[in-house]
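Quick note on my numbering: the sequence shown kicks off at 5 and runs consecutively. All C-beta atoms in this analysis are idealised placements derived from N, C-alpha and C, irrespective of residue type, glycine included. Quantities reported herein were computed from a predicted structural model and do not represent experimental measurements. See below for the structure under consideration.
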Amino acid sequence: MDKTFTSTNAQLRKLRSRGMVISNGSKAKRIIEMENYYNLINGYKRLFLDPSYSGPDEAYLPGTRFEEVYALYLFDRELRNLFMRYILEIENNVKSVLAHDFSGKYGHDNYLKVSNFDTSVKRWEKKTTAQKVGDVSDLISNLQHEIARHLSKNNPMISHYMLEYGYVPLWVLVNTLTLGTISIFYSYLSQKDQNDIGRRFMLKPEEMNSFLQVLTIYRNACAHDERIYNLKALRRSMKPNSITTMPIHQKMGIPVNAGNNPVCGKNDLFAIVIIFKTMLSKASFSKFYRALKHQMDSLGSSITTISLTDVEKEMGFPSNWTDIFTI
(Lines of atoms letter the chains of each structure in order from A and count residues from 1; the text may use other names and numbers.)
(Lines give C-alpha, C1' and ligand atoms only; values in the text may rest on other atoms or scores of the structure.)
Protein backbone atom coordinates (compact mmCIF):
# COMPACT_ATOMS: atom_id res chain seq x y z
CA MET A 1 0.00 0.00 0.00
CA ASP A 2 1.13 3.55 -0.72
CA LYS A 3 2.32 5.71 2.15
CA THR A 4 -0.07 8.58 2.83
CA PHE A 5 0.64 11.98 4.30
CA THR A 6 0.24 12.15 8.07
CA SER A 7 -0.24 15.43 9.93
CA THR A 8 2.06 16.32 12.82
CA ASN A 9 -0.80 16.04 15.29
CA ALA A 10 -1.55 12.54 14.01
CA GLN A 11 2.12 11.64 14.37
CA LEU A 12 2.10 12.79 17.99
CA ARG A 13 -1.03 10.74 18.67
CA LYS A 14 0.68 7.71 17.18
CA LEU A 15 3.73 8.17 19.41
CA ARG A 16 1.55 8.52 22.51
CA SER A 17 -0.46 5.43 21.56
CA ARG A 18 2.81 3.49 21.46
CA GLY A 19 3.75 4.60 24.97
CA MET A 20 5.96 7.63 24.40
CA VAL A 21 5.63 10.35 27.00
CA ILE A 22 5.14 13.77 25.37
CA SER A 23 4.71 16.37 28.09
CA ASN A 24 4.90 19.41 25.83
CA GLY A 25 2.97 18.73 22.66
CA SER A 26 3.53 22.17 21.15
CA LYS A 27 7.29 21.94 21.55
CA ALA A 28 7.38 18.39 20.20
CA LYS A 29 5.31 19.48 17.22
CA ARG A 30 7.71 22.32 16.40
CA ILE A 31 10.68 19.97 16.67
CA ILE A 32 9.12 17.37 14.37
CA GLU A 33 8.17 20.00 11.81
CA MET A 34 11.71 21.39 11.80
CA GLU A 35 13.65 18.14 11.97
CA ASN A 36 11.42 15.74 9.98
CA TYR A 37 9.52 12.91 11.69
CA TYR A 38 11.24 10.19 9.63
CA ASN A 39 14.76 11.45 10.40
CA LEU A 40 14.08 11.94 14.10
CA ILE A 41 11.79 9.10 15.13
CA ASN A 42 12.53 6.35 12.62
CA GLY A 43 16.23 7.11 12.78
CA TYR A 44 16.67 7.10 16.56
CA LYS A 45 13.82 5.11 18.11
CA ARG A 46 15.35 1.62 18.06
CA LEU A 47 17.11 1.74 21.44
CA PHE A 48 13.89 2.98 23.04
CA LEU A 49 11.62 0.22 21.68
CA ASP A 50 10.37 -2.47 24.06
CA PRO A 51 11.85 -5.80 22.84
CA SER A 52 9.33 -7.77 24.93
CA TYR A 53 6.33 -6.25 23.14
CA SER A 54 4.65 -8.77 20.82
CA GLY A 55 1.56 -6.87 19.81
CA PRO A 56 0.84 -5.11 16.53
CA ASP A 57 3.23 -2.42 15.33
CA GLU A 58 5.65 -1.47 18.15
CA ALA A 59 5.80 -0.06 21.68
CA TYR A 60 8.29 2.08 23.57
CA LEU A 61 9.96 1.16 26.82
CA PRO A 62 7.95 2.37 29.82
CA GLY A 63 8.69 6.02 30.60
CA THR A 64 10.33 6.80 27.25
CA ARG A 65 10.22 10.56 26.82
CA PHE A 66 10.19 12.41 23.50
CA GLU A 67 13.04 14.56 24.82
CA GLU A 68 15.26 11.49 25.16
CA VAL A 69 14.90 10.51 21.53
CA TYR A 70 15.55 14.11 20.54
CA ALA A 71 18.64 14.20 22.79
CA LEU A 72 20.06 11.17 20.98
CA TYR A 73 19.28 12.85 17.66
CA LEU A 74 21.10 16.03 18.69
CA PHE A 75 23.98 13.98 20.10
CA ASP A 76 24.45 12.32 16.72
CA ARG A 77 24.46 15.71 15.02
CA GLU A 78 27.20 16.92 17.34
CA LEU A 79 29.16 13.72 16.65
CA ARG A 80 28.99 14.40 12.91
CA ASN A 81 30.33 17.91 13.39
CA LEU A 82 33.07 16.74 15.74
CA PHE A 83 34.24 13.74 13.75
CA MET A 84 34.09 15.63 10.45
CA ARG A 85 36.43 18.29 11.80
CA TYR A 86 39.18 15.81 12.59
CA ILE A 87 38.60 13.61 9.55
CA LEU A 88 39.22 16.74 7.46
CA GLU A 89 42.42 17.40 9.40
CA ILE A 90 43.70 13.91 8.59
CA GLU A 91 42.49 14.24 5.00
CA ASN A 92 44.48 17.45 4.55
CA ASN A 93 47.60 15.87 6.04
CA VAL A 94 47.36 12.78 3.82
CA LYS A 95 46.82 14.88 0.71
CA SER A 96 49.82 17.05 1.53
CA VAL A 97 52.18 14.13 2.21
CA LEU A 98 50.99 12.16 -0.82
CA ALA A 99 51.34 15.08 -3.23
CA HIS A 100 54.79 15.99 -1.87
CA ASP A 101 56.13 12.44 -2.02
CA PHE A 102 54.70 11.60 -5.45
CA SER A 103 55.74 14.90 -7.04
CA GLY A 104 59.25 14.61 -5.64
CA LYS A 105 59.66 11.18 -7.23
CA TYR A 106 57.80 11.49 -10.52
CA GLY A 107 57.38 15.19 -11.21
CA HIS A 108 54.53 17.51 -10.44
CA ASP A 109 52.58 16.71 -13.63
CA ASN A 110 53.21 12.95 -14.00
CA TYR A 111 50.21 11.67 -12.05
CA LEU A 112 48.47 11.01 -15.38
CA LYS A 113 50.95 8.29 -16.42
CA VAL A 114 50.00 4.66 -15.86
CA SER A 115 53.69 3.75 -15.55
CA ASN A 116 53.94 5.68 -12.28
CA PHE A 117 51.46 3.36 -10.59
CA ASP A 118 51.60 -0.32 -9.65
CA THR A 119 49.73 -2.42 -12.23
CA SER A 120 50.90 -5.81 -10.95
CA VAL A 121 48.12 -8.21 -9.99
CA LYS A 122 48.24 -9.19 -6.32
CA ARG A 123 47.65 -12.83 -5.38
CA TRP A 124 44.29 -12.03 -3.77
CA GLU A 125 43.00 -10.02 -6.74
CA LYS A 126 40.73 -11.91 -9.13
CA LYS A 127 41.61 -9.95 -12.27
CA THR A 128 43.98 -9.91 -15.21
CA THR A 129 46.86 -7.52 -15.79
CA ALA A 130 44.78 -5.76 -18.42
CA GLN A 131 41.98 -5.26 -15.90
CA LYS A 132 44.45 -3.89 -13.36
CA VAL A 133 45.77 -1.44 -15.96
CA GLY A 134 42.14 -0.56 -16.63
CA ASP A 135 41.61 0.20 -12.94
CA VAL A 136 44.57 2.59 -12.90
CA SER A 137 43.36 4.12 -16.16
CA ASP A 138 39.97 4.73 -14.52
CA LEU A 139 41.73 6.62 -11.72
CA ILE A 140 43.64 8.74 -14.24
CA SER A 141 40.43 9.38 -16.18
CA ASN A 142 38.75 10.54 -12.98
CA LEU A 143 41.66 12.91 -12.28
CA GLN A 144 41.34 14.37 -15.78
CA HIS A 145 37.59 14.69 -15.34
CA GLU A 146 38.16 16.53 -12.07
CA ILE A 147 40.44 19.01 -13.81
CA ALA A 148 37.88 19.52 -16.59
CA ARG A 149 35.07 19.97 -14.06
CA HIS A 150 36.91 22.70 -12.21
CA LEU A 151 37.90 24.42 -15.44
CA SER A 152 34.22 24.56 -16.41
CA LYS A 153 33.51 26.12 -13.01
CA ASN A 154 36.32 28.66 -13.52
CA ASN A 155 38.12 27.50 -10.41
CA PRO A 156 40.86 30.18 -10.19
CA MET A 157 43.64 27.84 -9.01
CA ILE A 158 42.98 25.14 -11.60
CA SER A 159 42.39 27.66 -14.39
CA HIS A 160 45.57 29.60 -13.61
CA TYR A 161 47.90 26.63 -13.86
CA MET A 162 46.20 25.09 -16.88
CA LEU A 163 46.11 28.33 -18.87
CA GLU A 164 49.54 29.54 -17.77
CA TYR A 165 51.52 26.27 -17.80
CA GLY A 166 49.32 23.70 -19.55
CA TYR A 167 49.08 21.41 -16.52
CA VAL A 168 47.92 21.37 -12.92
CA PRO A 169 50.49 20.33 -10.28
CA LEU A 170 49.42 17.47 -8.08
CA TRP A 171 49.80 19.59 -4.94
CA VAL A 172 47.13 21.91 -6.38
CA LEU A 173 44.84 19.19 -7.73
CA VAL A 174 44.74 17.20 -4.47
CA ASN A 175 42.82 20.02 -2.81
CA THR A 176 39.87 19.29 -5.13
CA LEU A 177 39.94 15.49 -4.78
CA THR A 178 37.68 13.52 -2.50
CA LEU A 179 39.09 11.33 0.26
CA GLY A 180 37.74 8.35 -1.67
CA THR A 181 39.83 9.27 -4.72
CA ILE A 182 42.89 9.84 -2.54
CA SER A 183 42.32 6.39 -1.00
CA ILE A 184 42.25 4.80 -4.46
CA PHE A 185 45.30 6.83 -5.56
CA TYR A 186 47.28 5.58 -2.58
CA SER A 187 46.18 1.97 -3.08
CA TYR A 188 47.51 1.98 -6.66
CA LEU A 189 50.96 3.26 -5.72
CA SER A 190 53.94 0.93 -5.62
CA GLN A 191 54.70 -0.85 -2.35
CA LYS A 192 57.71 1.39 -1.80
CA ASP A 193 55.72 4.55 -2.39
CA GLN A 194 52.97 3.35 -0.04
CA ASN A 195 55.63 2.58 2.57
CA ASP A 196 57.23 6.01 2.21
CA ILE A 197 53.90 7.81 2.66
CA GLY A 198 52.60 5.51 5.38
CA ARG A 199 55.85 5.90 7.33
CA ARG A 200 55.01 9.57 7.85
CA PHE A 201 52.00 8.41 9.86
CA MET A 202 53.77 5.41 11.44
CA LEU A 203 51.55 3.07 9.42
CA LYS A 204 52.20 0.07 7.20
CA PRO A 205 50.57 0.09 3.73
CA GLU A 206 47.83 -2.39 4.71
CA GLU A 207 47.06 -0.29 7.79
CA MET A 208 47.02 2.96 5.84
CA ASN A 209 44.82 1.48 3.11
CA SER A 210 42.29 0.17 5.62
CA PHE A 211 42.26 3.47 7.52
CA LEU A 212 41.58 5.49 4.36
CA GLN A 213 38.80 3.15 3.22
CA VAL A 214 36.91 3.34 6.51
CA LEU A 215 37.55 7.06 6.95
CA THR A 216 36.00 7.63 3.52
CA ILE A 217 32.78 5.87 4.55
CA TYR A 218 32.41 7.95 7.71
CA ARG A 219 33.44 11.18 6.01
CA ASN A 220 30.72 10.69 3.39
CA ALA A 221 28.16 9.90 6.08
CA CYS A 222 29.06 13.09 7.96
CA ALA A 223 28.97 15.17 4.79
CA HIS A 224 25.52 13.85 3.83
CA ASP A 225 24.05 14.30 7.31
CA GLU A 226 23.56 10.57 7.84
CA ARG A 227 23.31 8.84 11.19
CA ILE A 228 26.82 7.90 12.37
CA TYR A 229 26.66 6.95 16.05
CA ASN A 230 25.77 3.36 15.14
CA LEU A 231 27.03 3.30 11.56
CA LYS A 232 28.94 0.19 10.59
CA ALA A 233 31.38 0.25 7.67
CA LEU A 234 29.88 -2.93 6.31
CA ARG A 235 31.16 -4.76 3.25
CA ARG A 236 30.04 -2.77 0.21
CA SER A 237 32.53 -4.26 -2.23
CA MET A 238 35.19 -6.95 -2.42
CA LYS A 239 37.14 -4.95 0.16
CA PRO A 240 36.54 -5.77 3.83
CA ASN A 241 35.93 -2.17 4.95
CA SER A 242 37.37 -2.66 8.40
CA ILE A 243 40.60 -1.34 9.81
CA THR A 244 43.57 -3.59 10.39
CA THR A 245 43.86 -4.89 13.95
CA MET A 246 46.20 -2.50 15.74
CA PRO A 247 48.24 -2.69 18.96
CA ILE A 248 45.64 -0.36 20.51
CA HIS A 249 43.07 -3.16 20.33
CA GLN A 250 45.30 -5.39 22.42
CA LYS A 251 46.41 -2.68 24.83
CA MET A 252 42.77 -1.95 25.62
CA GLY A 253 42.03 -5.62 26.15
CA ILE A 254 39.24 -5.70 23.56
CA PRO A 255 38.01 -9.32 23.29
CA VAL A 256 38.13 -11.12 19.95
CA ASN A 257 35.51 -13.19 18.13
CA ALA A 258 35.78 -16.66 16.63
CA GLY A 259 37.70 -15.20 13.70
CA ASN A 260 40.24 -13.65 16.08
CA ASN A 261 39.04 -10.16 15.23
CA PRO A 262 38.38 -7.58 17.97
CA VAL A 263 34.65 -7.18 18.59
CA CYS A 264 35.03 -3.38 18.86
CA GLY A 265 37.00 -0.84 16.89
CA LYS A 266 37.09 -2.53 13.49
CA ASN A 267 34.25 -1.17 11.36
CA ASP A 268 32.38 1.02 13.84
CA LEU A 269 32.69 4.52 15.23
CA PHE A 270 35.33 3.43 17.72
CA ALA A 271 37.47 2.41 14.74
CA ILE A 272 37.51 6.09 13.79
CA VAL A 273 38.59 6.98 17.33
CA ILE A 274 41.48 4.51 16.95
CA ILE A 275 42.39 6.11 13.61
CA PHE A 276 42.37 9.53 15.28
CA LYS A 277 44.58 8.27 18.10
CA THR A 278 47.03 6.91 15.51
CA MET A 279 47.07 9.70 12.92
CA LEU A 280 46.33 12.94 14.77
CA SER A 281 48.90 14.90 16.72
CA LYS A 282 48.75 14.54 20.49
CA ALA A 283 47.36 18.05 20.80
CA SER A 284 44.61 17.44 18.23
CA PHE A 285 43.64 14.09 19.71
CA SER A 286 43.47 15.63 23.18
CA LYS A 287 41.05 18.30 21.92
CA PHE A 288 38.98 15.68 20.12
CA TYR A 289 38.85 13.37 23.14
CA ARG A 290 37.77 16.11 25.53
CA ALA A 291 35.05 17.27 23.15
CA LEU A 292 33.83 13.69 22.68
CA LYS A 293 33.82 13.04 26.43
CA HIS A 294 31.79 16.21 26.94
CA GLN A 295 29.20 15.08 24.40
CA MET A 296 28.99 11.62 25.96
CA ASP A 297 28.52 13.06 29.44
CA SER A 298 25.91 15.51 28.18
CA LEU A 299 23.90 12.73 26.57
CA GLY A 300 24.20 10.62 29.72
CA SER A 301 22.53 13.36 31.74
CA SER A 302 19.67 13.64 29.20
CA ILE A 303 18.52 10.02 29.04
CA THR A 304 16.92 7.90 31.76
CA THR A 305 14.96 5.16 29.97
CA ILE A 306 18.11 3.72 28.48
CA SER A 307 21.66 4.04 29.77
CA LEU A 308 24.72 5.65 28.24
CA THR A 309 26.22 2.15 28.16
CA ASP A 310 23.45 1.10 25.77
CA VAL A 311 24.44 3.91 23.42
CA GLU A 312 28.15 3.14 23.75
CA LYS A 313 27.53 -0.46 22.71
CA GLU A 314 25.70 0.78 19.61
CA MET A 315 28.69 2.98 18.82
CA GLY A 316 31.09 0.05 19.13
CA PHE A 317 32.73 1.62 22.18
CA PRO A 318 34.17 -0.82 24.72
CA SER A 319 33.29 -0.22 28.37
CA ASN A 320 36.82 1.13 29.01
CA TRP A 321 36.88 3.35 25.92
CA THR A 322 38.24 6.31 27.89
CA ASP A 323 41.49 4.38 28.41
CA ILE A 324 42.47 5.26 24.84
CA PHE A 325 43.36 8.75 26.01
CA THR A 326 46.27 7.53 28.13
CA ILE A 327 47.61 4.47 26.28
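- Within the same chain, Ile94 and Phe205 come within 6 Å of Met283 by CB-CB distance, once the 5 residues on both sides are set aside.
- Taken in chain order, the whole alpha helix (DSSP H) runs of length 4 or more contained in the region 114-174 are 133-156 and 160-169.
- Bridge pairing for Leu16: absent [DSSP].
- Shown here for Leu78: not one same chain residue has a beta carbon closer than 6 Å to its own, the five before and five after excluded.
- Note on geometry: alpha-carbon atoms of His253 and Glu62 lie some 38 Å from one another.
- Between Ile186 and Val98 the beta-carbon gap is near 6 Å, inside 8 Å, which marks them as a contact.
- Under the three-state reduction of DSSP output, Pro266 falls in the strand class.
- Under the 10 Å beta carbon count, Asp197 is surrounded by 16 or more other beta carbons and is classified as buried.
- Burial state of Tyr90 is buried, judged by a 10 Å Cβ sphere holding 16 or more other Cβ atoms.
- DSSP links Arg50 through a beta bridge to no other residue.
- Per DSSP, reduced to three states, the secondary structure at Arg69 is strand.
- Distance between Ile258 and Asn13, taken at the CA atoms: about 46 Å.
- Note on the region 186-263: whole alpha helix (DSSP H) runs with a minimum of 4 residues are 195-203, 209-227 and 251-255, in chain order.
- Nearest to Pro173 by C-alpha distance, out of Asn96, His104 and Asn261, is His104.
- Here the alpha carbons of Ala225 and Phe189 stand approximately 21 Å from one another.
- As DSSP reads the structure, Tyr64 sits in a beta bridge with Leu53.
- Excluding five sequence positions before and after Gln15, the CB atoms of its chain that fall closer than 7 Å to its own CB belong to Ile36 and Tyr41, given in chain order.
- Between the alpha carbons of Ile26 and Arg20 lies a gap of roughly 7 Å.
- The C-beta distance from Ser246 to Lys281 rounds to 17 Å, too long to meet the 8 Å contact threshold.
- Of all C-beta pairs linking the region 79-86 to the region 294-311, three or more are shorter than 8 Å, placing the two stretches in contact.
- With a threshold of 16 other beta carbon atoms within 10 Å, Trp325 meets it and is buried.
- Taking C-beta separations shorter than 8 Å and ignoring five residues to either side along the sequence, the partners of Met166 in its chain run Ile151, Leu155 and Val172, following chain order.
- Taking a contact as a CB-CB distance under 8 Å, the pair Leu177 and Leu147 counts as one, their CB atoms being some 7 Å apart.
- Around Ala32, the same chain offers Leu16, Ile26 and Phe70 as residues with beta carbons nearer than 7 Å, after the five sequence neighbours per side are excluded.
- Between Thr133 and Val140, the C-beta spacing is not below 7 Å.
- Inter-residue distance for Asp54 and Gly23 is about 10 Å (C-alpha atoms, whole angstroms).
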